[in-house]
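Throughout, our numbering is defined as the position within the sequence shown, counted from one, plus 55.
Glycine included, every Cβ here is placed at the ideal spot set by N, Cα and C.
First comes the structure, then the notes that go with it.
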Amino acid sequence: MSRFVQPVPPPADPYAGDALLRSWLERQLGPAGHAAAKGRLADLAADVTGPLRAAHADAEAHPPTLVRYDAWGARVDRIDTSAGWQTQRAAAARHAVVALPYLPDARGTWGAAARVVQHALLHLYGPESATFSCPVAMADGAAALLSMPDVDAGVRDAWLPRLISTDPGTAITSGQWMTEAQGGSDLGRSSTIGRPAADGSWRLTGEKWFCSAADAAMAVALARPEGAGRGSRVLAPFLVPRYAADSPLADGTAAGAPAPGVVVHRLKDKLGTRALPTAEIGLRDAYALPLGDPAVPGLVRAMTLVVVTRVHNAAAAAGGMRRGLAYARAYADVRHVAGGALASSPLHRATLGTLAVDAAGAFALAGHAFALLGRVEVGADPQAAAELRVVAPLAKLATGRLAVSSASEYVESFGGAGYVEDTGVPRLLRDAQVLPIWEGTTNVLALDVLRALTREDAGAPLLARLAAAVDLARPLSPALADTLATATAQLRDTVRAVTADPGAEAVLAGARGLALRLAYALTAALLVEHAAWGDEQAELAARLWARRWLRQEEIAEDAHHHLDLLC
């Protein structure tokens with residue numbers, strides 16, 4: 056008797072096979088703008104389905120290692136990474152995944168919407184990048200910070216071109232060294248001290264507890280300038296060269312050696328993102344360059360980086376959801392159970408259809424955040440800036456939670472095979488779990504949303520968008536319009552009560568619920584906007600999303616009947 060082996064076909068081309076992505080680009084960029092992006096997107100999709108999928112598997116199979124000493128006992132703190140990781144690094148540069156929104160020709164072609172094209176690149180690249188999308192996010196955040204006018208021009212000119220290079224031979228990425236063991240997200244307890252040197256550089260001393268992309272050529276670190284006092288507002292961002300080749304304090308040390316004063320204590324043994332080197336790093340009078348004037352409270356400057364990495368986090372969540380759905384659907388098409396294809400089971404179709412609704416909502420929310428970011432950077436749009444202040448944390452927290460719940464369903468949809476590591480399926484769940492944690496947990500972000508609503512009136516543009524979407528929804532579906540109108544009225548009343556007494560115990564305890572309700576309503580509005588433009592898939596997704604997340608209704612029957620349109 057022959058041994059049965061279940062074939063598992065790869066999913067469709069992630070660009071050509073994603074109707075929502077392509078119609079979103081058509082609306083956001085216009086036909087000419089989308090046409091200008093098609094070649095770039097198709098090239099990346101071809102790489103993703105070929106060499107990058109293989110590189111992803113190699114990097115996961117060969118996680119980074121820390122070599123503390125060389126053969127003669129000299130401390131080297133070298134982090135070795137796999138060939139697959141290096142392939143992902145080169146591809147990120149070659150496809151301009153970081154660089155695109157900074158390139159003059161891209162801004163000339165798409166203007167503020169260059170960020171929309173970047174989001175599409177991330178949507179294709181991220182899910183099978185072995186989480187190289189993390190250093191991509193931090194490199195983008197560092198580039199945004201270096202682009203600020205108050206950063207010294209010499210520092211900018213030395214480092215920004217390397218971060219946004221499309222030449223794999225010269226392109227670098229950045230790490231992010233902010234959290235410390237005693238404080239975590241409570242940056243006010245940071246104890247890393249910065250001291251000025253005579254040449255205008257600084258020396259940093261302290262312990263950084265969670266340093267992602269520890270192999271990157273540079274990092275942005277937060278430190279308390281000596282004598283600056285307590286609290287988080289006075290913290291300042293500094294650029295720390297990671298390797299001796301970029302540190303003036305080095306004395307001819309071998310290439311690849313750490314910069315003097317940078318000590319790698321250990322690599323983290325993490326639940327997921329195993330291909331990504333994350334370390335605990337000590338700073339011992341490490342050479343650093345200030346990013347802005349350290350005498351001016353710098354946490355606000357550092358938030359430039361944080362906003363960028365938060366929207367990247369949302370893109371990673373949405374992209375992973377879409378790719379997981381594609382794999383689950385491809386498997387269901389060939390797997391036979393109870394006498395028929397799994398894809399013909401009404402129950403399984405309902406499950407996949409519900410996951411498709413969540414994936415569509417996550418994509419719209421992440422895409423909107425990138426569109427706002429582009430309008431802030433290129434057009435200095437004050438309304439976009441106000442909306443982004445609340446949309447960035449909302450997009451990050453909502454998509455992060457959706458990614459985890461969806462990943463759990465994707466693993467389950469493969470049955471026992473989904474629980475076996477060498478199928479690659481379990482890492483969908485392991486890697487998703489970092490998304491609600493990195494750059495602020497759900498609770499941390501919910502409190503940030505409260506601050507945006509109460510201190511900066513960030514709710515006004517958001518509520519205005521919801522109200523406008525009610526009018527757009529009316530011709531599509533009166534029931535959808537009524538649902539969105541009810542949610543908008545309730546949120547308006549809640550925001551009014553929150554801003555009247557932001558310190559009330561009930562307000563603080565309910566911050567998570569309010570943030571999620573805002574995110575769900577905003578997502579419904581965004582899907583409505585796309586549906587009103589003429590997208591049938593978005594219209595269906597909007598109706599089912601509103602029923603699922605605003606009215607808490609079961610959508611299984613409709614999700615089953617309309618699975619083919621949804622995904």
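Selection Ala385, Phe418, Leu500 and Ala552 evaluated against leucine 176 yields Phe418 as nearest (Cα-Cα). Per DSSP, the unbroken alpha helix (DSSP H) holding serine 461 starts and ends at 437–468.
When secondary structure is reduced to three states using DSSP, alanine 278 falls in the strand class. Of the candidates Thr478, Ala341, Arg598 and Thr549, Thr478 places its Cα closest to the Cα of valine 63. Ranking Asp68, His174, Ala334 and Leu259 by CA distance to the CA of glycine 105 puts Asp68 first. By the C-beta density criterion, phenylalanine 293 is buried, having at least 16 other C-beta atoms within 10 angstroms. Short of 6 angstroms from the beta carbon of arginine 377, and not among the five residues preceding or following it, lie these beta carbons of its own chain, in chain order: Ala414.
Note that the C-beta distance between glycine 353 and tyrosine 465 is not below 8 angstroms.
With a threshold of 16 other beta carbon atoms within 10 Å, glutamine 143 meets it and is buried. Excluding its 5 nearest sequence neighbours in each direction, leucine 427 has C-beta neighbours in its own chain below 7 angstroms: Ala439, Glu442, Leu443 and Val446, listed in chain order.
Just measuring C-alpha positions, the residue of Ala110, Leu490, Ala559 and Thr136 sitting nearest glycine 327 is Leu490. Residue range 229–232 is occupied by the beta strand (DSSP E) that includes glutamine 231.
DSSP, reduced to helix, strand and coil, places glycine 261 within a strand of the structure shown. By the neighbour-count criterion, in which a residue is buried when 16 or more other Cβ atoms sit within 10 angstroms of its Cβ, alanine 576 is buried. Apart from the 5 residues on each side of it in sequence, arginine 430 sits with its Cβ closer than 6 angstroms to the Cβ of Ala167, Asp436 and Ala439 in its chain, given in chain order.
The residue among Ala330, Ala462, Val355 and Val392 with its C-alpha nearest the C-alpha of alanine 383 is Ala462. Check the Cα spacing between arginine 510 and each of Met358, Gly470 and Thr554: the tightest is with Thr554. Distance from the Cα of leucine 200 is smallest, within the candidate group Ala369, Asp98, Ala100 and Val363, for Val363. The alpha-carbon of alanine 601 is positioned some 14 angstroms away from that of leucine 527. The criterion of a C-beta distance shorter than 8 angstroms is not satisfied by serine 532 and arginine 603. Going by beta carbons, alanine 272 and threonine 228 fall inside the 8 angstroms limit.
The beta-carbon distance between glycine 337 and histidine 320, rounded to whole angstroms, is 6 angstroms. This is short enough to meet the 8 angstroms contact definition. Counting of Cβ neighbours within 10 angstroms places phenylalanine 59 among the exposed residues, the total staying below 16. The criterion of a C-beta distance shorter than 8 angstroms is satisfied by histidine 111 and serine 184. The Cβ neighbour count for glutamate 584, taken over all protein chains shown within 10 Å, is at least 16; the residue is labelled buried.
Where glycine 249 is concerned, the enclosing beta strand (DSSP E) starts and stops at 248–251. In this model, isoleucine 248 and leucine 535 are separated by some 54 angstroms (Cα to Cα). Of the candidates Ala145, Trp79 and Gln83, Ala145 places its Cα closest to the Cα of valine 103. Listed as beta-bridge partners of alanine 396 by DSSP are His391. In the structure shown, the three-state DSSP call for cysteine 189 is helix.
In the structure shown, glutamate 335 falls within a strand segment according to DSSP collapsed to helix, strand and coil.
Contact between glycine 316 and aspartate 340 holds, with the beta-carbon distance rounding to 5 angstroms and staying under 8 angstroms.
In the three-state scheme derived from DSSP, where H, G and I count as helix and E and B as strand, arginine 329 is classed as coil.
Straight across, the Cα-Cα distance linking aspartate 503 with valine 475 is about 38 angstroms. Contact between arginine 606 and threonine 538 holds, with the beta-carbon distance rounding to 6 angstroms and staying under 8 angstroms. Contact annotation: the segment 385–399 does not touch the segment 85–94, with fewer than three C-beta pairs closer than 8 angstroms.
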